[in-house]
Amino acid sequence: MDSNYVKAHQHNARAATHDQEAIGLSRGSKTSKIHLAVDGYGLPIVFAITGGELHKAKAAPDLLSQVSIDAILINI
1 MDSNYVKAHQ HNARAATHDQ EAIGLSRGSK TSKIHLAVDG YGLPIVFAIT GGELHKAKAA
61 PDLLSQVSID AILINI
């Protein structure tokens, strides 16, 4: 599992509704974060988009619940 920040465009700050948006405040600006669970080849299996302030440890349970237990390999 990995995650990256994506800076939101300045015009997103004026959106009419924020119900389905994953934009948060992180590092002083509006950002989103893409969380990925990948297979052994680095190809995405599932993904989630959250506000930039959400740590990947909080996104992990929901993301990993969508992955088959046979596909999970933990690299410590």
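Position 27, counted from 1, in the sequence shown is what the UniProt record's numbering calls 27; the numbers after and before it change by one each time, with no gaps.
All C-beta atoms, glycine included, are put in the ideal place defined by N, C-alpha and C.
- In the DSSP assignment, Leu43 falls outside any alpha helix (DSSP H) and carries neither an H nor an E.
- Here the alpha carbon of Lys30 sits roughly 14 angstroms from the alpha carbon of Ile49.
- C-alpha of Ile69 to C-alpha of Ala60: approximately 14 angstroms in a straight line.
- Only exposed fits His55, as fewer than 16 other CB atoms lie within 10 angstroms of its CB.
- Within the same chain, Met1, His35, Ala37, Val46 and Ala48 come within 7 angstroms of Leu63 by CB-CB distance, once the 5 residues on both sides are set aside.
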